[in-house]
Every structure is written in C-alpha cells, then in structure tokens.
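To start, the structure itself, in structure tokens.
There are 4 protein chains.
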Amino acid sequence: MVYFRSDYSLGAHPEVMEALIKTNEEHSDGYGLDIHSENAGRLVKELIGREDVSVHMMVGGTPCNVTFIAAALRPYEGVVAPRSAHIYSHETGAVEATGHRIINFEGVDGKLTPEMIDKAFDEYEDEHTVVPKMVSISQPTEIGTIYSKNELYAIRDKCKERDMYLYIDGARMGAALTCDEADFTLKDLGAIADGFYIGGTKNGALIGEALVITNPEIDDHFRWMIKRSLGMLAKGKIIGVQLEALLEGGENNLLSRIARHENKMAKRLREGLEEMGVSFYSKSPTNQIFPVFPKTVVEELEKDFFFYRWAPEKDGIIPVRFVTSWGTSEEDVDSLLARVKEVLI
Amino acid sequence: MVYFRSDYSLGAHPEVMEALIKTNEEHSDGYGLDIHSENAGRLVKELIGREDVSVHMMVGGTPCNVTFIAAALRPYEGVVAPRSAHIYSHETGAVEATGHRIINFEGVDGKLTPEMIDKAFDEYEDEHTVVPKMVSISQPTEIGTIYSKNELYAIRDKCKERDMYLYIDGARMGAALTCDEADFTLKDLGAIADGFYIGGTKNGALIGEALVITNPEIDDHFRWMIKRSLGMLAKGKIIGVQLEALLEGGENNLLSRIARHENKMAKRLREGLEEMGVSFYSKSPTNQIFPVFPKTVVEELEKDFFFYRWAPEKDGIIPVRFVTSWGTSEEDVDSLLARVKEVLI
Amino acid sequence: MVYFRSDYSLGAHPEVMEALIKTNEEHSDGYGLDIHSENAGRLVKELIGREDVSVHMMVGGTPCNVTFIAAALRPYEGVVAPRSAHIYSHETGAVEATGHRIINFEGVDGKLTPEMIDKAFDEYEDEHTVVPKMVSISQPTEIGTIYSKNELYAIRDKCKERDMYLYIDGARMGAALTCDEADFTLKDLGAIADGFYIGGTKNGALIGEALVITNPEIDDHFRWMIKRSLGMLAKGKIIGVQLEALLEGGENNLLSRIARHENKMAKRLREGLEEMGVSFYSKSPTNQIFPVFPKTVVEELEKDFFFYRWAPEKDGIIPVRFVTSWGTSEEDVDSLLARVKEVLI
Amino acid sequence: MVYFRSDYSLGAHPEVMEALIKTNEEHSDGYGLDIHSENAGRLVKELIGREDVSVHMMVGGTPCNVTFIAAALRPYEGVVAPRSAHIYSHETGAVEATGHRIINFEGVDGKLTPEMIDKAFDEYEDEHTVVPKMVSISQPTEIGTIYSKNELYAIRDKCKERDMYLYIDGARMGAALTCDEADFTLKDLGAIADGFYIGGTKNGALIGEALVITNPEIDDHFRWMIKRSLGMLAKGKIIGVQLEALLEGGENNLLSRIARHENKMAKRLREGLEEMGVSFYSKSPTNQIFPVFPKTVVEELEKDFFFYRWAPEKDGIIPVRFVTSWGTSEEDVDSLLARVKEVLI
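Right under this line is the structure:
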C-alpha cells in the first residue's frame, strides 16, 4: 500500500529525529521552559523580523487555534471563517466548547473574502447578536489554495476597519511559503496578523507547532490558557527541539526544504494527472491536491493506494485527496500516475 | 407614537393581571413547586392529549431553547436550524455558551427542510466532526411563516431516520395555532416533538412559557438544568398563575382568544397594504408582517409609529416588521394604513 | 399552615403590585430599555451617591452573581468565597458552568476573612494554578450575619493589595441595611465594591434586583452578557417598575420599610426563643434566624408551620431556618412562639 | 546542577527512544488508528485481565483526567476529590472549564476517605445543588502516598452505595505498583474503577498515557471527546509505540523496571535523610519524597541541586520535593545526601 493519505502517516524527518536523539539525555525544566524552546522562539522571531512578539511551542494545530481564540475573545464574541475551515469542519466543535460561535460562510476557492466579513456585520445588530470580533483564515486553505499577498492585506484592512483580530492557521505554512504561487513571506504575516502558527507536525516533526502572538493583550497569561486547554506537555522540551531543527538555517532551513519537496512531489502528480485530462476539485499549488474521479476509478486505486475520499459520491463522481509528505518519492508518484493511467482508460 | 414594535411592548392582558392580583397573597412553596404551576402543567397535558410528558414553567423563550438543548445534547453534538432561527440570530451565542454548535442553513421561507438535514450529514464524517443530533424549528418562524402539518411530519420522519431529536420553539405558538393557514394542533406537536414550548410572554403574559418535554431521557434532572441555566425564579408561582389564566377553558382559552385577535389585526394590516400594492419580505399568516418600503417612506412612518427595520437598507429599500399584540386596536391599524397611503403617493 | 419558609412565599407587596397595575398598559421598548428601568437606575445612583456607575435591572440573584462573575473574569481566573455562599451552596454549579472555580473556605460566622484571601494565594503558584481574581461576599450572609463596616473595608483593602475585584451579593440587602447591627450604608458599598446588587425578590418584589457595576471594564458589553446568560426579559419594564416602587422616597423608601418590618418580626421571634433558652446555629440580626431544636420538636412544629430544616439531623438535633417577610404578622410570630413553648416543655 | 526537580526533566528512556527510532519510517493511519496503539491497548487489557474494556492512547495526564470527567458527567454533576489532587491544585481550572465543580476536602495523608464522600452528600440537597457523581483519587497521591487495597475497595464500596463513578489518576502508577507498600494490582483497578490511566510520561516516555475505561456508557463516542478536548495527535502512533515499549514483557516490563529503579533511588535518599534525623511532610513510599528543611539549608542546596519548594516558607521551615527518575543514579543520590549532611550541621 502506497500512502497518499496525509503528511502525517510517517514519523519524524530523519534530521528532526536526530535532534531528538541528540538532546534526549539533557536535563531541563519542564513545560516548555527550556533552552531549546527558547531558541526555537528566537528563530521564529528572526524569520518574521520582529522581536516584540511572543512565540509558544504548541502540541498541535487544533490547540493553537482553539487556545488563541479562547484567549482573545470575550464570551459574547465570535470568529468569522469559511465553512471549510479546519476549526469548523474538523475540530469536533472544540471552538464552541470554549463558548464561541464560528460565523461561517461558503468560501470562494476555500478562501474568505472581505465581503463575507461585511456580511457578518449585516447580520450583527446589538446585544441580541454575537459580535464578530476575529477573522480566522488558513494559509494554505483546507483545500490547498493560498491567499495572495494582496488578498491577505485586503483582509487585514477590513479587519482594521471592523476592529477585528486576524488569525492565520498555518498547519501547512511551509507548503504555502514555498509553493510556486507564493508572493508573501513570514514577515508579512508577522506584520498583519494578531496571531498565526507555523506548523511542524505536517512538515516533518512528530508533534509541534510554533504559535506567534503579536498582540500583547491576547498574549496576557497565555501559558495559563495553554494549561487550561490541556495543551501543556511535561516534557515540553521535545517540541522546542523539533522546531529548532526545522527552523535553524534561515531561508533554506529544514522546514523549507521539506516543504519544497512536498510541493514538488504534488506538482509532479498534479501535472501528470492534468496531462491525462483529470479535473480537480480545487486549484491547489501546495502539497494537497484534489482530483475528481469516477467511483469505479477510486475503488480501483484504493486497492494499492491509501488516500481520502474528500466528499461523498455524487452522480458517480468522487473528489479525492492526495497528500505528499517528506517521505514521498518520485517512484511513489509515478506508480500512482501509472495506475491512474491504467484504470482511467 | 403608535406601537407596532413588538408583542411585548405592553404589560399583561387584563385577565392575566387579574389572576396575578387574585393570587398575590397566597403563600406557596418557591421555585415553581406550587399549585398554580402544577395546574398549568395539567392544562397543557390536556391540550396535547398526553399524560406521560413533563411540563416546566419557564421564565422566557431563550431559557426554554438553551436549557432544552443543553439538557439533551452530549458535548460533541450540535443542533441543526435555519440561519434565521432565534437561537442563531437573536440569542447572543447562548447556545454556544453551553458548548454546542448551531449547524445552520439558509431557510426556505424561514423554514428548515428535510434536505438541509441530509446536507448536515453530508458534512458529517467521524470523530473529527460535530454530530448533528437535534433539529430545532420555530412555529411560527422568525419571519412569521408556519410549517404545515405535512411539513412537520416530514421533518419528524427525517429526524427518526437520522436518529435526531426534534425541538420546536413556540414563542408565538398561539399565533401559529390560530392563523388561517394552520392545519396542525398541539396534539400533533405532542406526538412528533421531543420538546416544544407554548409562549406566554408574546401572548398576553408578563413573563412565562410552558415547556413540554416528551422524551424522559431529556427530562431527567431537568430542574437542575433550569437552576444551572439561571432560569429558576424564587417566586416561580407567578409563571404558573399566568399560564393557568391563559390556558384554562379549552379550545377557546385566553391564549387562543388573544392570538386570534393578534392575527386578525395583522391580517387587516396586511390586506390593507396589499391593496396599496405593497410587497412583502415574507408571506406571514401570523401576527408579524414584513412589508418592504422605500427608505423615505420608512423614515416618514417612523415619525408616528414605532417598529423595527428588519434588515439594513439595500438599494434604497428597507424591509420592516409590524407586530400586533393583545392591545392593538382596529384604530391603530387603520391609522397606520392611512399614514402609509399618504406617504406612498 | 403558617409560613416561615422563606421571604418569597407570598407575591408582591401591595404597593409594588399597585405600581405594576398602574403601568400595565403603558407601551415601552423591550428588554429593559424603558423609562421605569432608567428611573430605577437613577434612584440607585442617588442612594449610593455616585453618578459614574452602571445599574442593570436583573431578573434574579443567581443571574446577578453569575453574569457579573462571567463578565469580570478571564477564563483561568476564579472567585474566592465562603463555602456557605449562595454561589457555592445553592446555584447548582452555575458559576462553574461559565468555566470558573469557586475557591472556597469554611467561613467564620458565614463570613470570609482577609486571612482566607491570603490562604488562596498560598495555594496559588503559576500557570498551573487558577488565579484568585475576585472576592465574593454576601451581605447579609447565607446564615443571616452581617459584615461590619470595618470588616468590609478590611476585605476591600486586601482586595486592593491582591489586585482582586470585590463583589457583594445583596439578595437581602434591605435586611442588612436596616438591622440593628448595621453600621454601613449603600454609599460604602458603592465606594468599595466593583459590583453589588440590591435584592428586590426577597424584599417585596415579584422578581427583580438592581445590579450596580462601578468598574467600567466589567460593565463593557454587559447587556450582551445578560442576554447570553438567559437573563434578559422581553417585558423588562416590569423589573424597572418594581424597583422604582421599592426605591423611590429616599431613606424611608418601601425597600427599607419592608426590610425593617422583616427584621422586627425576626427579632421578636428570636428574642422570644432566647427567653425560652433556645440556642442558635448563627447569630443573625436580620430576617433569617436559625434556632436549633431536638428532632421531636421539629417534627411537632412541622405540623402547623412550614420552614426549612437547615442541615441534616445530627445526634438528635436539627438546626432550622425561620424567615420573616413583608407579610409576616405579629400574630404569626406569636403563634409560632406559643407552639414552641408547648412542645419544648 | 543535579536534577531532583521532576521525573520529566530528561527525555525518553533509551529503550523507548529505540522503539521510536525503529518505527519512525513505518506508514500508518493517523490519530491513534494504528497497529502500535492497538497493540498497546491489547497489552493493557492483558495486564488488567479484562477484554471488555476500552483503552485510549492519551497525550498527557491532564487530558486523561479532564476528558474522562467531561465524558462521564452531565452538566449539573461534580467530582469529589482531595484538595491536593492534581485536578484541583495543578490544572488551572481545566475541569471547571468543562463546567464541572471539584467538590474538595482536605485529604488525610493526601488521600480521600469514604467519610468525605458522605460529607459531600451532607452538603447535597436537591435541584439547587451540584450532584456529587464521581470520586477521583490518585494512586500514588500528589504527595507520594498510596491507597492500600483495603482503602481502594472501601472507596469503591462507598461509590456503589452512593451511585458514583470511580476514577483513578495514575500519572505515576508504575511507582505505586512497584513500591514496597503496594498490596494492589492493575487487576484490582480494572475491577473497581470506571476509569483510570497508567502514566507513561513520568515513567520513561516522551509523552503518552494509557487511559482505561471499563464503563461502556462513559466510553461512548470517547474519541469525539478526545478531539474536542484538543487531545488527538495527527501522529498518534508515537504514543502507541511508546506505551508498547513500556508495557510488553508482562510483570517485568520496562514500565515496572523503570518504576522500581525510581522507587529504589527514592528509598536510598529517604533512608539517608532519615538517618540524619530529617523529618518529612508526607510518608511517601514512591519516587517523590518531601523532606522538611530550614530555609537556610534549602537555599544552600539550591546552589547545586534543582528541586521544588513544595510550599511557601512558614516559621523558617520549607517542605521541598525530591523526585527520582529513570536517569537518577546512586551517585546523584549520594551527592545530595553528602551535601545535606554538610549543610545540616
């Protein structure tokens, strides 16, 4: 069985694992109060070009999203997001568990637009309605698309106009930053967002994401919020060690190298499918692609390849998701392409 | 200023007030454990033709909705409702405050359809997604329309198929039951819903709604839920007294008499406006109507009449809401019609 | 059956009822945005001698307590209170339902001391512990005792030292203010507390309490919090009308006259019992007294009088609670005293 | 600096790290749905001698405690625990964040007694009070003591009598099972508890605990609860791999070998201190010991050794905590003893 199921079906990238082994017998204080976590935070600050921010080593993406939202919002406030957003579609109501509504709209290519934010305010009235106070977008989106620099700044401007926070879910931030379409940098995110994270888990780490908070009010007592949200690890050092391994080395750090490989493998796959005339559910330039196949083709492919059916069958057609990871090889891609070719005919 | 603002701008209907005065100096135990609350519960059971249900005297509609939902759902479950539903649009996130998502869809004439319930399950996958476990509809809807008996039973059937609870918000149930289009009875609701309430506040009471629970599992420890949801009154008797006054007398009880009057006044207003060629935001047969006027007309009417702008202006046009109540007179209606006639020309 | 069960077993005091009748057919805007609610707020401000505060008409005491706490605290903060406090002992976990801990200590005469606040900080460490951020006391306490002016200011000083909010539950504030031991005024409370309420329900109203917030940060969007906490009434006017009736007239307003009567009746009862050598569970100068009787005496009294057993029987002895209300007459008291005399011998 | 700070200051035990390395490049499905997690679950079932239980791989102890409580309790129910319990003293209100109260009592030697459970019911009345529905104890306790088999069964019996669930926090279960005083087995826990966990993090793993649920009602949709509580890892396999490494091999598995080593080092330290006449805050037979020193001694030791001050100084005296781990050597212990000897004189 060849895996195109996800970018988390393997363990850590060998260089990340090496760092874990090397630091395993160092003593340190617990709960992320160690030299590696501190160093990883310093590396993030360098990458975004700001010293006046806070960086927290987090155990996963959902903890980043939910803890940030819970720390930022007062009880009667909600967060505006596309209906396809991970916080809405794949976190089992963890945001609502903290008492906050996700005011959702059907995205365009999986993306939120400034118009949707205005629409949220059309629905808003007074003390009888939830206050739209935060915008949450994902870069890349749940369906692999990315916001252009202009789109990001347009959303930022609308947030300013509406007095809202801007948060960016970066579970696959590496893939977004290094894809062909990318015209934004981490410095842009540091400049426009109140908070965002750089994902490690889907980019070569076992666990771990670096959450950046640029708004000091939201950062106030944030470690209390992490603990209360069940997100603090006794051996927190292991997150710092992994992020350190991913982020040191500047522009060409391991995070970028892995992401570029993922994107390259996805591109090879996408272009191969396009050549065969396969159509796609979304135009993704990153490491997740969503071809659409007849049901019979899907069933045939499932015999040798492991991947997601992205949506239920409709009129005999099923969109599927292929994801590439640090371990995906050209052979893996080519074997999939060859199999598709066979069954499509 | 003539009020078409709401059906809660006046105090109690004189017969309700009379009951409060008459019982004011009776001693009773607190928190709804009194003879009047018990008697009101008995009257409700007679009206719905079932003895095997539980009836709770509640202080308001939002407490009914939220307490029922919180009692029925496990933490990871959500409630399916139209986006216009009161629980979504006018309760400031009180449902989310209990940790539950409102899975919402744009309604058709303000109503939920069985297809929307299926759509909620298209979005559902597994442990990563909120479980759609309850359907919440309003009779009449937030925009005054009502579900026909067939529509109610179709939703009930879909709930059975999907293993979901059915809840009905009846803030203006009297108006629904007594309007020209009504082809359902309280007995139908008692037969199909796991819970619903008969609203008093908007039907002549100062406060008070009768919440019916037909599902004993949801009713388990329900008084603990009321207290925890801040909905238990020390002098709970006053709710029982008012509901008793509204509900005794069978088919022709005060609740129905008031509702019929409200509907009659609304009809007079609607037909008068229709004659002038006014169009409507919704086809409401109940005591709320939603004519659409040019902005200039709305501003002119606002000088002498108090009412809601239902939505923000768009292209110079504003939908407004006129509501009739137990105190609305034919003179009130005719004075509004006369004024519209003047300013429309 | 003669009622010493509670101060909420009767309806409204006749003067309060008169006000409800007189204003019943006035139209007004809903949700507490009416002239009577505004006027009641103005009266409260006069009584506490501050214009720069906010006054909210609330439906009950538990809604006051819980909504204030939920508005004031960030998620990881808790409230320090005696274990006998109403929020801990009789609100079914409504505070915890908003996510906050009640850090509780056994009170001394039902009262919190500054030492207990220090003790809460002994338990406090860092991000692993709940931050003690509010002190909540009741005046009078759950067992009828009152804090002296010195005690109140000592707690205020400790709150300042510890950077904590001070909140005062005043369900029976009238009784506290007018009892023989009282050496504090509403002006003192307005000067020292971030929030407190003056209870109406147990002082002659059907429902209604006036919640005062002196801290503008806590007051921010407070009406959103009320709505979300299920505490906003459509016909909110009826609370304003009742508080207005209770509070107009300055020092000798109806609230004080009722409270003085309640205290006088309780004193007559207490002194009568003391003469018979009865001992008490608490030294209450207000309208709740807690004599201790042998079980056999309690059972005998229960035949003609309705009251609470305050705690389970222990060694044949039961503390009970007698409460006087606006409707308690000297005859009621004397009949109880006579009966006790009979059965004690 | 020699670490007696905690049993989580080092990384993984070498054998655990070896397992992670060996399995790192195996593909698997995510979120704990992998062969290693399944196998670890099977090993747990063998150890407790029951097939009819469910075992979940959890990321940490707080997630075990809070997710279990949130899954088991209805909104108005609370959990009874000693005030020193981790859920009360070191989880920043994470239990209250799910809406549940911890009804706490001062423990005896850090332990809960059946009498305290009765006391919780003395405080319980009716719909105005939180229902005590679960007992939570820790084995070993927060101060290192352990419940004897008799004590465990006495609590179990009281839970049965009171219709309560029993939950056991086993963050250091290995240390409890293998200490000199232990007269209970995992089979006992499987027989008496509705849920408990076997801790990995403090017993040689990087992260990971095995949560056992014997009550199928609580287990219903438990994976939805884990996700909603932010506790589901994309690369969940790494927990399974570690628990597998710790638990395979039966009685003499790695978990036990590490725990025995920890206990042996702690005993060497304890006996060394006892010989010098040092007294202790608690009589712990496990790998945490709590000697009491004059402040000057503590300050002196802190120059070369890293450990916790367990409580604030009082009268010049400070209780401290020394913890031994898989990496603690006899030399570490002896160097600490030597230093104490020097400074005590």
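Residue numbers (this note's numbering), protein chains in the order written: chain A, 4 to 348; chain B, 4 to 348; chain C, 4 to 348; chain D, 4 to 348. Even for Gly, the Cβ is constructed at its ideal location relative to N, Cα and C. Everything numeric in this text was worked out from a predicted model, so none of it was measured.
Residues that DSSP places opposite residue i in a beta bridge
| i | result |
| --- | --- |
| lysine 317(C) | Ile320(C) |
| valine 5(A) | Phe308(A) |
| tyrosine 11(A) | Tyrosine 11(A) is not bridged to any residue. |
| glutamine 291(C) | Val326(C) |
| lysine 114(A) | Val111(A) |
| valine 215(C) | Val58(C), Phe199(C) |
| proline 297(C) | Ile320(C) |
| serine 282(D) | Val295(D) |
Among the options, nearest to residue i - alpha-carbon criterion
| i | options | result |
| --- | --- | --- |
| alanine 208(D) | Gly64(D), Tyr6(D), Ile51(D) | Gly64(D) |
| leucine 155(A) | Tyr11(A), Gly147(A), Gln142(A) | Gln142(A) |
| aspartate 183(A) | His264(A), Asp112(A), Ala22(A) | His264(A) |
| phenylalanine 71(D) | Gly319(D), Val215(D), Asp335(D) | Val215(D) |
| valine 133(C) | Asn290(D), Ile90(D), Tyr284(D) | Ile90(D) |
| valine 323(C) | Asn42(C), Gln291(C), Trp313(C), Leu340(C) | Trp313(C) |
| glycine 280(B) | Asn290(B), Pro297(B), Gly234(B) | Pro297(B) |
| leucine 180(B) | Ile210(B), Ile261(B), Ala248(B) | Ile261(B) |
| arginine 104(C) | Gly239(C), Phe308(C), Gly113(C), Leu76(C) | Leu76(C) |
| arginine 53(D) | Ala196(D), Arg159(D), Val244(D), Lys344(D) | Ala196(D) |
| glycine 234(C) | His16(B), Gly177(B), Pro66(B) | Pro66(B) |
| valine 301(C) | Ser287(C), Ile320(C), Ile292(C), Lys286(C) | Ile320(C) |
Beta carbon proximity, residue i to chain A, threshold 9 Å
| i | result |
| --- | --- |
| alanine 73(B) | no |
| lysine 122(C) | no |
| threonine 101(C) | yes |
| arginine 231(B) | no |
| alanine 315(B) | The residue asked about is misnamed: residue 315(B) is proline in this sequence, not alanine. With 9 Å as the cut-off, proline 315(B) counts as an interface residue toward chain A. |
| glutamate 128(B) | yes |
| arginine 104(B) | yes |
| aspartate 307(D) | no |
| tyrosine 170(C) | no |
| tyrosine 91(C) | no |
| aspartate 160(B) | no |
| histidine 224(B) | no |
| histidine 131(C) | yes |
Residue-level contact to chain C via CB, residue i, 9 Å cutoff
| i | result |
| --- | --- |
| alanine 262(D) | no |
| leucine 258(B) | no |
| valine 134(A) | yes |
Test: residue i CB closer than 9 Å to a CB of chain D
| i | result |
| --- | --- |
| methionine 167(B) | no |
| proline 78(C) | yes |
| proline 145(A) | As written in the sequence, residue 145(A) is glutamate, which differs from the proline given in the question. No, no contact with chain D. |
| methionine 20(A) | yes |
Any C-beta of chain B under 9 Å from that of residue i
| i | result |
| --- | --- |
| valine 215(D) | no |
Practice prompt. Could you tell me whether the stretch 222-240 of chain C touches the stretch 183-197 of chain C, using the rule of 3 or more Cβ pairs below 8 Å?
Written response: Result no; under three Cβ-Cβ pairs closer than 8 Å.
Item to complete: Pair every Cβ in the stretch 165-172 of chain B with every Cβ in the stretch 132-146 of chain B, then say whether three or more of these pairs are closer than 8 Å.
Response: Short answer: they touch.
Fill in: Minimum length 4: unbroken alpha helix (DSSP H) runs contained in the stretch 134-191 of chain C
Entirely contained in the stretch 134-191 of chain C, the alpha helix (DSSP H) runs reaching 4 residues are, in chain order, 152-165, 176-181.
Discussion item. What ranges does the alpha helix (DSSP H) occupy inside the stretch 31-95 of chain B, keeping only unbroken runs of at least 4 residues that lie completely in it?
Written reply: Correct list: 38-51, 64-75, 89-92.
Practice prompt. Would you check if the stretch 245-254 of chain A and the stretch 34-48 of chain A touch, i.e. whether three or more CB-CB distances between them fall below 8 Å?
Written response: The answer is yes - the stretch 245-254 of chain A touches the stretch 34-48 of chain A, with three or more Cβ pairs under 8 Å.
Worksheet item: Is the stretch 4-11 of chain D touching the stretch 19-29 of chain A in the sense that three or more CB pairs, one from each, lie closer than 8 Å?
Response: Not touching, per the Cβ criterion.
Worksheet item: Taking contact to mean at least 3 C-beta pairs separated by less than 8 Å, is the stretch 323-333 of chain D in contact with the stretch 276-293 of chain D?
Response: Enough Cβ pairs lie closer than 8 Å, so yes.
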